[in-house]
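Chains Y and S are the protein sequences, given in the same order.
Residue 14 in my numbering sits at position 14 of the first sequence, with consecutive numbering throughout.
Residue 229 in my numbering sits at position 175 of the second sequence, with consecutive numbering throughout.
For each residue, glycine too, the CB sits at the ideal point set by N, CA and C.
As the structure is a computational prediction, the values presented were derived from the model and not from experiment.
Encoded as structure tokens, the structure appears first; notes follow it.
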Amino acid sequence: MPVEKELLEILACPVDKAPVREEGDRLVCSKCGRRYPVRDGIPVMLVDEADPPA
Amino acid sequence: MTSSREQFGKVAQAYAKSWVHARGADLERLAALVPASGTLLDVGTGAGHTLAAIASKFDRAIGLDPTPQMLAAARGVLREHDVRAHLVEADAAALPLAERSVDVVTSRVAAHHFPDPSSAFREIARVLRPGGTLYLIDNYAPEQLSLDSFINSLERLRDPSHIRAYPLSQWLALLEAAGFRTRVDFRDRVQLDVEDWLARSRTPPNAAAAVRERLRRAPSEAREAFAIEATHFSTYRAVIVANKP
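Set out below in structure tokens:
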């Protein structure tokens with residue numbers, strides 16, 4: 001389930017507050033590269049749940 | 055300390071059905087106060103009762119909570135009310151939103167679970183646009199230290215994820231320190247049925263017995279301040295309006 005545009009446009013990385021972009025089922029920080037999961041359509045924007053940069 | 059994430063993972067459905075959370079004079083007051091456009095962020099959205107009441111007034115609404123089970127419950131509550139809002143799993147002290155991206159922030163009966171309310175309020179100030187408003191609704195303790203201790207230790211015994219319901223003067227000071235201009239808009243008493251209240255948090259039997267015992271043996275000043283009766287007592291609640299200059 002993709003993240004809706006009107007949400008994606010204001011979502012930011014909780015660490016450095018930079019914009020995120022959608023890559024598959026992940027939201028990737030445009031600055032630090034942390035990868036946040038999307039579970040059941042809900043972005044999980046928790047540092048502890050993020051994967052390190054690919 | 056039990057994290058609110060751990061605690062609310064267990065009890066999400068009980069909060070989805072909680073009359074105390076779904077209704078209330080404070081929620082009606084909030085609905086009357088909030089402007090009817092722009093982007094809304096509800097911090098500590100829990101089972102989504104605040105979103106269900108006000109999200110339809112806004113162009114865009116986002117509910118944020120650190121507990122996935124609560125967000126699942128919120129999704130159900132929103133569907134029941136036919137209200138559309140985005141849900142995000144996140145921490146109040148590290149908001150995943152762009153600076154100045156939100157017009158209105160609400161947070162209802164959640165801040166007393168924040169381990170670091172100062173950080174949360176600074177984060178809320180960051181994401182609000184200048185001229186934006188935070189409507190903070192939460193329980194508060196009496197200013198008198200002995201009564202403040204009585205109610206907060208009782209609450210922590212019942213639910214270890216309770217951090218602190220500050221006296222009103224301290225809630226305001228925390229908000230002012232984060233850069234807000236504050237006013238208290240509304241105050242109310244919330245009467246709780248002791249057994250419902252213990253069941254909702256699934257307080258273990260030993261702790262529940264200790265809570266009942268403390269209520270039974272409460273000093274007269276606490277008995278009076280919290281209107282403690284055999285089966286009920288009352289807490290204090292306020293609607294605080296905090297403007298970002």
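Measure the C-alpha to C-alpha separation of S:Ile191 and Y:Pro43 and round it to an integer number of angstroms. 26 Å
DSSP beta-bridge partners of Y:Pro19: Y:Ala12
Jot down the residue ranges of each uninterrupted beta strand (DSSP E) in the segment 186–261 of chain S, minimum 3 residues, whole runs only, in chain order. 235–247
Give me the DSSP bridge partner(s) of S:Tyr290. S:Tyr194 and S:Arg243
Given that S:Arg114 touches chain Y, what residues does it touch there, using C-beta distances under 7 Å? Glu6
For chain S, check one thing: does any of its Cβ atoms lie closer than 8 Å to the Cβ of Y:Pro53? no
Opening and closing residue of the alpha helix (DSSP H) in which S:Ser72 lies: Element bounds for S:Ser72: n/a, residue is neither H nor E.
Whose C-beta lies closer than 8 Å to the C-beta of S:Leu246 among residues of the same chain, with five residues either side of it excluded? Val74, His286, Phe287, Ser288 and Thr289
Quick one: which residues of the segment 122–146 of chain S get their C-beta closer than 9 Å to a C-beta of chain Y? List them in chain order. Pro122, Leu125, Ala126, Arg129, His140, Leu141, Val142, Glu143, Ala144 and Asp145
Using the C-alpha atoms, what's the distance from Y:Ala54 back to S:Arg254? 42 Å
Is the CB-CB distance between Y:Cys8 and Y:Glu22 below 8 Å? According to the sequence displayed, residue 8 of chain Y carries Leu and not Cys. Yes, these two residues count as a Cβ contact at 8 Å.
Going along the chain, which residues of its own chain have a beta-carbon closer than 7 Å to the beta-carbon of S:Val265, five neighbours each way excluded? Leu208, Leu211, Arg212, Leu252 and Thr257
S:Gly7 burial status per 10 Å Cβ neighbour count (16 or more: buried): Because chain S in this structure spans residues 55 to 299, residue 7 of chain S falls outside the shown range and cannot be described.
Under the three-state reduction of DSSP, which class applies to Y:Val58: helix, strand or coil? The structure shown does not extend to residue 58 of chain Y, since chain Y is modelled only from 1 to 54, so the question has no answer here.
Is the shortest distance between the beta-carbon of Y:Pro2 and the beta-carbons of chain S less than 8 Å? no
Which runs of the alpha helix (DSSP H) at least 4 residues long sit entirely within the segment 82–166 of chain S? Give them in chain order. 103–108 and 122–135
Where S:Glu153 meets chain Y, residues with beta-carbon distance less than 7 Å: Lys17
For Y:Lys5, tell me which candidate among S:His140, S:Leu201 and S:Leu118 has the shortest Cα-Cα distance. S:His140
Give the DSSP-derived three-state secondary structure of Y:Arg34 in the structure shown. coil
Applying the 10 Å Cβ sphere with the 16-neighbour rule, what's the burial state of Y:Arg34? buried
Classify S:Ala272 as helix, strand or coil using the three-state DSSP reduction. coil
Any contact between the segment 178–191 of chain S and the segment 140–160 of chain S? By contact I mean 3 or more CB pairs, one from each, below 8 Å. yes
Figure out for me which residue from S:Ala126, S:Thr121 and S:Arg114 has the closest Cα to the Cα of S:Arg138. S:Arg114
So, using beta-carbon positions, are S:Ser215 and S:Ser58 closer together than 8 Å? yes
Can you give the beta carbon distance from S:Gly102 to S:Ala164, rounded, assuming they're within the 8 Å contact cut? Not confirmed; about 12 Å, so no contact.
Listed by chain order, chain S residues near Y:Cys13 by CB distance under 8 Å: Pro150
By a C-beta neighbour count over all protein chains shown, 10 Å radius and 16 as the cutoff for buried, is S:Ala232 buried or exposed? buried
Report the neighbours of Y:Val44 on chain S: residues whose CB is nearer than 9 Å to its CB, in chain order. Pro122, Val142, Glu143 and Ala144
Verify the CB distance criterion: does Y:Val47 have a CB-CB separation below 8 Å to chain S? yes
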